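Notes for the one structure printed next.
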Amino acid sequence: AAGQKSMTSFFAKK
Amino acid sequence: MFEAKISQGSVLKKLVEALKELVTEGNIDVSPSGMSLQAMDSSHVCLVSLVLRDDGFDHFRCDRNMPMGIHFANFSKILKCAGNDDAITLKAEDNADQLTLMFESSNQDRISDFDLKLMSIESEHLGIPDQDYSAEIKMPASEYQRIVRDLTSIGDTVLISATKEGIKFSTSGDVGTANVTLRHNTTSEKQEEHTIIDLKEPVALTFALRYLKNFSNATALAPQVKLSLTKDLPIVVEYQVGELGNIRFYLAPKIDD
Chain A
-8 AAGQKSMTSF FAKK
Chain B
-17 MFEAKISQGS VLKKLVEALK ELVTEGNIDV SPSGMSLQAM DSSHVCLVSL VLRDDGFDHF
43 RCDRNMPMGI HFANFSKILK CAGNDDAITL KAEDNADQLT LMFESSNQDR ISDFDLKLMS
103 IESEHLGIPD QDYSAEIKMP ASEYQRIVRD LTSIGDTVLI SATKEGIKFS TSGDVGTANV
163 TLRHNTTSEK QEEHTIIDLK EPVALTFALR YLKNFSNATA LAPQVKLSLT KDLPIVVEYQ
223 VGELGNIRFY LAPKIDD
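Chains A and B are the protein sequences, given in the same order.
For what it's worth, our numbering labels the leading residue of the first sequence as -8, then goes sequentially.
For what it's worth, our numbering labels the leading residue of the second sequence as -17, then goes sequentially.
Below you can see the structure in the form of structure tokens.
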């Protein structure tokens, strides 16, 4: 199965 | 106070139509340099970033930075009351709980105003670095729309691979498989018909088609769309909104467990 990471795992919170 | 006038009100209508299926609500941040929005979909796998610069408006005044919490389906309901050729003025007092929208017909014989209730929305901003991508592809926005629409009828996910041969979109499903390859092509006299592939290194990533199809709701905003790809990073699907700014959609790639 293929998963998808959350956007917050790619871009840091400001 | 905040006040912004755009003579081509249809742009605002198209922007909200492009967003509203993806994000239910979000803060439009206004500042002296313009308007911006960063919002994620409910599952947080995609993000939309909108930037509209102050100098792209016919008139722009913002005395104080403030977030305007918008429910996009409601914003859309009000914008649907504007004619396509209307000028639209947005107005809000500092810390207001409503946004006033004024629509003026092109010959100024009809003026209407609506107030949209604003919401208090807790939102977090993500820092999105400027970076070089392995592949950047510009293509007609209508071509992108056609590919994602066609492939959505065949499969759920698409493998996008960029090589020196071109950019290939592949999917498979119960009915069978589909592959669409676009080659670098600048033969047309019309620049908006060009396909430009800027490849630094080959890259292949898999994405959920329903989101890519959703992004194509922005097709009416621009003649061209730009896709940016790098291994293990979200794809960026970007539409330039004339001189006003841009709307960018980010989608996380599918990862094999």
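Cβ atoms here follow ideal geometry from the backbone N, Cα and C, with glycine treated the same way.
If you're wondering where the values come from, they're calculated on a predicted model, not measured in any experiment.
Give the straight-line distance between the Cα atoms of residue -12 (chain B) and residue 48 (chain B), rounded to the nearest whole angstrom.
So the alpha carbons of these two residues sit roughly 20 Å apart.
Please list, in chain order, the chain A residues whose beta carbon lies closer than 8 Å to that of residue 121 (chain B).
Those do not exist, as residue 121 (chain B) stays about 24 Å from chain A at its closest Cβ, beyond 8 Å.
Go through its chain and collect everything with a Cβ distance to residue 213 (chain B)'s Cβ below 6 Å, but skip five positions before and after it.
185
How would you write the range of the beta strand (DSSP E) that residue 143 (chain B) sits in, first residue to last?
Start and end: 139 to 145.
Let me confirm a value: residue 25 (chain B) is counted as buried when at least 16 other C-beta atoms fall within 10 Å, else exposed. Which label applies?
exposed
Roughly how many angstroms lie between the CA atoms of residue 41 (chain B) and residue 144 (chain B), to the nearest whole one?
If you draw a straight line from the Cα of residue 41 (chain B) to the Cα of residue 144 (chain B), it comes to about 42 Å.
Report the three-state DSSP secondary structure of residue 43 (chain B) (helix, strand or coil).
strand
Taking the alpha-carbon positions, what's the residue -4 (chain A) to residue 236 (chain B) distance?
8 Å
Looking at the C-beta of residue 133 (chain B), does it have a partner C-beta in chain A at a distance below 8 Å?
no
When we look at the beta-carbon of residue 9 (chain B) and count the other beta-carbons within 10 Å, is it buried (16 or more) or exposed?
Counting other Cβ atoms within 10 Å of its Cβ, residue 9 (chain B) reaches 16 or more and is therefore classed as buried.
What are the residues that DSSP puts in a beta bridge with residue 231 (chain B)?
B:30, B:219
What does the Cβ neighbour count give for residue 2 (chain B), buried or exposed, with the cut at 16 atoms within 10 Å?
buried
If you drop the 5 nearest sequence neighbours on each side, which residues of the same chain put their C-beta closer than 7 Å to that of residue 122 (chain B)?
Counting only Cβ-Cβ distances below 7 Å, and skipping sequence neighbours, we find 174, 175, 205, 206.
How long is the line joining the alpha carbons of residue 193 (chain B) and residue 28 (chain B), rounded to whole angstroms?
8 Å
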